[in-house]
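In this note's numbering, the protein residues as written are 22 to 598.
Below you'll find the structure, written out as structure tokens, and then a few comments.
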Ligand code: SER
């Protein structure tokens, strides 16, 4: 089997080292990459950027321990997971970044950025062009950056709008600002963000007293560009992973190799940071990349048992000198991968058994096998051929239509619903209804009076049934008011916060709770539109969760029915549509 020849003039590790050395020489403190599990930030599920560990330094909520830092940050971004396999996208990558907190600003950031690219990475100026923020009705054009680039002799300066040249915040709140990007041959290699503003959850921007710089350059993208490689998967470290995959496979397929490489590398780092496969939040992100890697492994004929851990072994080898926790967590990483792979293969086996019972199959049925048993469509086709099962003409189109429909449902933080079935409590529909229940109770307590308390609830994927104390039947107007109140909060895209505390403090801070006697010393409080201390939060409730991260995920709320439940207790049935 063909093996890549190394074709680099600067290895990925040399770039890491050069970056750190350069910014240390400019008085930046080298800080370790933070965990992929964001600390103290309920507004984000996973670490997606270098600036995340510094969010509170940028906003000055916490006094920065250093004025300048440099990091190489592990990041996971799965919003464009379908694009993995092309030239530049990775779901896991390391980001090179230098940061200033109320210290240097645009001039130094731009000068050093250009200097590093030209002098250290040895990129010829003729290959470089830059972009600045064009300005819009909310934020002015970045004339200052344009002048700085000009003063350095850069002439190809292009301007773009908010979508390309305004960054942040991560989550729904935090520092953000215009960006200026460095492109080498049309590849964006470095994003310089000038944090001048703070965005509130409602989308309102206000200027920060203390301005900051946050830059980010994807390590492999830089390496591929400066070494004139065709894509990020030809960089020296990723090539080593691809080589192992080729040894295990019996077919060569570039796209599959890239997907497996990227996904398993991400999985190894996520596991090392303590994320475990599940159907919820970041656990689901992890499950999804592992299962996608296995699926593509099947497609290229990897028949080896425990393919994930075999490849992971190599990944740990390559990266543990820079990330020692890969080594210390190695046995857990390997065993978790084996468990997840076996689980998934069992499901697929069940899918195969179901398929083999059929004499014909259409796209809808194929999708059913995919969504409940994780059976990849391509595998279904292959087996059907082997077993003489008739595949309907429109199967592919039908499958794709179902897939798209499913993705629509999945958008907006609901992407958890996927192959492999769902544990009831983790069903996104139930989670959404659960948050709707909190909003509804808050609405009733505000509109009908504080004597309203929850008396019970039962949620299925289809509907919410909710009992509450109130002496009389609700009028149509009251029901409408409650619906409007809830939908208003949904439309306001409010963040949902969670904190652990003791029941006494929870009560003192205004949390509503139904079953006091049952609470132990520790309890969690979910609040909406502000944290537990907030005076403007619209709801605070003692509750075990889970809940959506932002009310925007809830959907449109409607009361279907209101009736008597028992003496002094009414019952509402409500749905999301
Ligand atoms: N935060 C910016 C990014 O992620 C720059 O680091 O692109």
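Idealized CB from N, CA, C, for every residue including glycine.
query: Of the residues 95, 78, 412, 472, the one placed nearest residue 121, counting alpha carbons only; result: 78
query: Proximity winner among 307, 389, 394, relative to residue 427 (alpha-carbon distances); result: 389
query: Where residue 591 falls, given that 16 or more other Cβ within 10 Å makes a residue buried; result: buried
query: C-beta contact flag for residue 199 and residue 181 at 8 Å; result: no
query: Stretch pair the segment 514–527 + the segment 56–73: three plus CB contacts closer than 8 Å; result: yes
query: Minimum C-alpha distance to residue 306 - residue among 513, 597, 98; result: 98
query: Three-state secondary structure (DSSP) of residue 449; result: helix
query: Close Cβ partners of residue 218 (< 8 Å) along its chain, the five nearest in sequence each way excluded; result: 160, 196, 197, 198, 226, 227, 228, 229
query: Pairwise C-alpha distance: residue 475 and residue 460; result: 12 Å
query: Member of 533, 220, 578 whose CA lies at the smallest distance from the CA of residue 483; result: 578
query: Three or more C-beta pairs below 8 Å linking the segment 174–191 and the segment 143–154; result: yes
query: Assigned exposure category for residue 286 - 16 Cβ within 10 Å defines buried; result: buried
query: beta-carbon residue 72 near the ligand SER non-hydrogen atom, thresh 7 Å; result: yes
query: Heavy atom of the ligand SER within 7 Å of residue 6 beta-carbon; result: Because residue 6 is not part of the residues shown, which for the chain are 22 to 598, the question remains open.
query: Member of 525, 468, 479, 185 whose CA lies at the smallest distance from the CA of residue 498; result: 468
query: Extent of the continuous alpha helix (DSSP H) to which residue 320 belongs; result: 302–320
query: The segment 364–376 in contact with the segment 337–344 per 3-pair CB rule at 8 Å; result: no
query: Enclosing alpha helix (DSSP H) for residue 30 [first to last residue]; result: Here residue 30 belongs to no alpha helix (DSSP H), and DSSP marks it neither H nor E.
query: Closer than 7 Å: residue 99 CB and nearest the ligand SER heavy atom; result: no
query: Residue 337 versus 312, 100, 301, 288, residue with shortest Cα-Cα distance; result: 288
query: Inter-residue Cα distance where the pair is residue 580 and residue 557; result: 25 Å
query: Where residue 119 falls, given that 16 or more other Cβ within 10 Å makes a residue buried; result: buried
query: Where residue 154 falls: helix, strand or coil (DSSP); result: strand
query: Contact test: residue 544 Cβ vs the ligand SER heavy atom, cutoff 7 Å; result: no
query: First and last residue of the uninterrupted alpha helix (DSSP H) at residue 244; result: 240–247
query: Between the CA atoms of residue 222 and residue 450 - distance to the nearest angstrom; result: 24 Å
query: Outcome for residue 293 when other beta-carbon atoms lying within 10 angstroms are tallied against a minimum of 16; result: buried
query: Proximity test, residue 186 beta-carbon vs the ligand SER heavy atom, cut-off 7 Å; result: no
query: As assigned by DSSP and simplified to three states, the class of residue 580; result: strand
query: With 16 other Cβ atoms within 10 Å as the buried cut-off, status of residue 38; result: exposed
query: Candidates 135, 281, 238, 84, of which the one nearest residue 102 by Cα; result: 281
query: Any non-hydrogen atom of the ligand SER closer than 7 Å to residue 116 Cβ; result: yes
query: Distance CB(residue 206)-CB(residue 246) smaller than 8 Å; result: yes
query: Test item: CB-CB of residue 553 and residue 572 under 8 Å; result: no
query: Cβ neighbours of residue 266 in the same chain (closer than 7 Å, five flanking residues each side left out); result: 278, 281, 282, 332
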